[in-house]
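This note's numbering puts the first residue of the sequence shown at 6, with every later residue one more than the last. A quick write-up on the structure given underneath.
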Amino acid sequence: MRKVFAFALLTMGVLLMASPVFAQEAAAGGGHQWATITAGFAMAIASSVCGLAQGKAIAAACEGLARNPGAAPAIRFSLLLGLVLIESLALYTLLIIFIKVN
Numbered sequence: 006m007r008k009v010f011a012f013a014l015l016t017m018g019v020l021l022m023a024s025p026v027f028a029q030e031a032a033a034g035g036g037h038q039w040a041t042i043t044a045g046f047a048m049a050i051a052s053s054v055c056g057l058a059q060g061k062a063i064a065a066a067c068e069g070l071a072r073n074p075g076a077a078p079a080i081r082f083s084l085l086l087g088l089v090l091i092e093s094l095a096l097y098t099l100l101i102i103f104i105k106v107n
């Protein structure tokens with residue numbers, strides 16, 4: 006209970022300190038530069054998360070195949086479906102980047 010209270014207090018403190026940032030006026034020009042930089046960071050994060058998730062999925066599939074070779078078709082189907090869904094994260098990020106940064 007003490008950890009939950011500490012986390013809630015920390016979160017509230019961060020949110021209260023960040024609120025003046027939202028009250029500022031928009032800067033004149035220069036927004037396109039930050040959109041490009043942010044898009045690069047977003048794609049880097051999405052690609053790294055996809056790589057880690059795909060590696061973990063493949064490792065789990067290899068372990069499952071080693072334990073039960075008779076279930077190879079089911080494991081292979083689940084692996085491919087999972088890899089497609091994982092890769093969609095990077096593709097959606099790339100699509101949003103193309104839409105927002107023009």
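Backbone N, C-alpha and C fix where the C-beta goes; we use that ideal spot for every residue, glycine too. Every value quoted in this text rests on a predicted model; they were computed, and no experiment measured them.
Span of the alpha helix (DSSP H) around residue i
i, result
"residue 76", "No alpha helix (DSSP H) contains residue 76, which DSSP labels as neither H nor E."
DSSP-derived helix/strand/coil call for residue i
i, result
"residue 48", "helix"
"residue 106", "coil"
"residue 6", "coil"
Distance between beta carbons of residue j and residue i, contact taken as under 8 Å
i, j, result
"residue 106", "residue 47", "Contact doesn't hold; Cβ gap of about 10 Å is too wide."
"residue 84", "residue 71", "Incorrect: roughly 13 Å between the Cβ atoms, too far for contact."
### Query
Can we say the stretch 79 to 99 touches the stretch 56 to 64, given the rule of at least three CB pairs closer than 8 Å?
yes
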